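Residue numbers (full-length UniProt numbering): 1 to 314.
Reviewing the structure listed below.
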């Protein structure tokens with residue numbers, strides 16, 4: 001039997017395969033790793049961390065500048081050092097994503113639906129397109145040009161997006177429930193018309209292909225390299241987030257058999273639990289704030305995926 005590859009080798013390979021963009025990857029690093037430790041980081045530490053993914057100092061400086069313009073980060077200058085902290089708006093956006101990314105495996109559906117009705121001619125073309133992009137990113141499906149549907153809507157995130165777009169008073173939010181007497185046949189057809197289920201299935205399958213070898217490598221390693229664990233943990237969450245935030249989390253009754261989404265979540269949970277300890281040790285040694293070393297992780301960090309089970313912070 002072939003020996004599993006080293007985690008360090010897979011970290012380098014996956015960085016090239018996934019090829020994350022700097023701005024998006026910085027968002028992942030802050031949301032997954034920095035925010036649980038207070039949300040602030042010295043720019044020099046961020047440059048070193050992003051260097052693990054082959055990213056240059058120049059692209060990092062450009063990216064954090066843009067993230068400040070987009071109200072994700074804010075800059076504090078102390079002497080010649082710059083420190084970047086997550087803004088209040090950024091924290092709200094991270095919280096909405098976190099509720100989905102790190103949720104426990106089990107979930108229930110009460111057969112309810114959230115419907116958003118957009119009155120005809122209520123929005124200009126630019127606002128309508130922006131609304132469509134935001135709702136699809138939150139997992140809504142377009143039942144028509146004026147109706148969006150979701151079976152597991154994050155209402156807090158949805159209402160925040162409507163307010164930020166300035167359309168909260170123009171959109172009608174309604175609740176609906178499924179009439180079980182008609183079965184699921186027509187609803188399954190409607191689902192395929194509202195969401196690109198085939199693309200989601202393909203993306204989840206690719207995710208499993210990427211990270212199953214990582215599980216084998218980490219499971220076989222006596223003491224995997226902490227820096228490699230940080231890279232693998234970050235790439236996994238980055239890739240998983242990219243798919244999950246487009247996934248409406250449809251109930252099993254409406255999905256194809258052998259749906260890879262739940263299997264992807266299980267792999268993410270199991271691998272995250274194995275990577276968390278060494279990656280946290282590396283982060284605590286590598287990162288600096290305006291007040292010195294990173295503070296310990298908040299208790300909510302240890303509750304991710306239903307509990308990380310005795311994850312050590314270093």
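All C-beta atoms in this analysis are idealised placements derived from N, C-alpha and C, irrespective of residue type, glycine included.
Because the structure is a prediction, the values reported are computed rather than measured.
Nearest to residue i (by Cα), restricted to the options the options
{"i": "residue 111", "options": "251, 281 and 263", "result": "251"}
{"i": "residue 223", "options": "277, 305, 293 and 266", "result": "277"}
{"i": "residue 233", "options": "25, 21 and 61", "result": "25"}
{"i": "residue 129", "options": "167, 226, 109 and 262", "result": "167"}
{"i": "residue 179", "options": "248, 113, 13 and 229", "result": "113"}
{"i": "residue 90", "options": "153, 199 and 34", "result": "34"}
{"i": "residue 145", "options": "157, 163 and 118", "result": "118"}
{"i": "residue 87", "options": "103, 67, 101 and 186", "result": "67"}
{"i": "residue 306", "options": "269, 263, 247 and 75", "result": "269"}
{"i": "residue 260", "options": "211, 158, 226 and 201", "result": "201"}
{"i": "residue 256", "options": "304, 184 and 226", "result": "184"}
{"i": "residue 187", "options": "273, 141, 77 and 267", "result": "141"}
{"i": "residue 161", "options": "172, 131 and 190", "result": "131"}
{"i": "residue 62", "options": "52, 47, 253 and 214", "result": "47"}
{"i": "residue 52", "options": "126, 14, 205 and 75", "result": "14"}
{"i": "residue 109", "options": "301, 37, 39 and 150", "result": "150"}
{"i": "residue 19", "options": "8, 55 and 27", "result": "55"}
{"i": "residue 266", "options": "299, 32, 27 and 244", "result": "244"}
{"i": "residue 73", "options": "29, 103, 101 and 58", "result": "29"}
{"i": "residue 195", "options": "308, 148, 264 and 120", "result": "148"}
{"i": "residue 23", "options": "169, 93, 193 and 65", "result": "65"}
{"i": "residue 127", "options": "227, 176 and 164", "result": "164"}
{"i": "residue 229", "options": "273, 258 and 209", "result": "273"}
{"i": "residue 279", "options": "303, 32, 104 and 57", "result": "32"}
Bounding residues of the beta strand (DSSP E) (the contiguous stretch that carries residue i)
{"i": "residue 91", "result": "It is not in any beta strand (DSSP E) - residue 91 instead sits in the alpha helix (DSSP H) that spans 88-101."}
{"i": "residue 77", "result": "73-78"}
{"i": "residue 114", "result": "112-117"}
Residue i - DSSP class collapsed to helix/strand/coil
{"i": "residue 23", "result": "helix"}
{"i": "residue 141", "result": "strand"}
{"i": "residue 169", "result": "coil"}
{"i": "residue 314", "result": "For residue 314, the predicted structure reports a pLDDT of 42, less than 50, and the residue's modelled location is therefore unreliable. A value from the coordinates is still provided. Note: residue 314 maps to coil in three-state DSSP."}
{"i": "residue 176", "result": "strand"}
{"i": "residue 299", "result": "helix"}
{"i": "residue 308", "result": "coil"}
{"i": "residue 81", "result": "strand"}
{"i": "residue 289", "result": "strand"}
{"i": "residue 53", "result": "coil"}
{"i": "residue 1", "result": "Annotation note: pLDDT 46 at residue 1 (below 50); position unreliable, coordinate value reported separately. Here residue 1 sits in coil by DSSP."}
{"i": "residue 205", "result": "helix"}
{"i": "residue 270", "result": "helix"}
{"i": "residue 256", "result": "coil"}
{"i": "residue 198", "result": "helix"}
{"i": "residue 131", "result": "helix"}
{"i": "residue 120", "result": "coil"}
{"i": "residue 294", "result": "coil"}
{"i": "residue 104", "result": "coil"}
Where the alpha helix (DSSP H) through residue i begins and ends
{"i": "residue 42", "result": "Element bounds for residue 42: not the alpha helix (DSSP H) but the beta strand (DSSP E), 40-42."}
{"i": "residue 60", "result": "57-69"}
{"i": "residue 320", "result": "Outside the shown range of the chain, which is 1 to 314, sits residue 320, and nothing can be said about it."}
{"i": "residue 188", "result": "185-194"}
{"i": "residue 9", "result": "7-18"}
{"i": "residue 159", "result": "155-164"}
Worksheet item: Along the chain, which unbroken stretches of the beta strand (DSSP E) at least 3 residues long are found entirely within the region 212-253?
Response: none
Fill in: Cβ contact (3+ pairs, closer than 8 angstroms) linking the region 277-290 and the region 136-146
no
Worksheet item: Counting pairs of Cβ atoms below 8 angstroms between the region 236-243 and the region 294-307, do you hit three or more?
Response: no
Worksheet item: Is there contact here, the region 37-52 with the region 72-83, by at least three beta-carbon pairs under 8 angstroms?
Response: yes
Discussion item. Check whether the region 96-103 and the region 152-160 touch, using three or more Cβ-Cβ pairs below 8 angstroms as the test.
Written reply: yes
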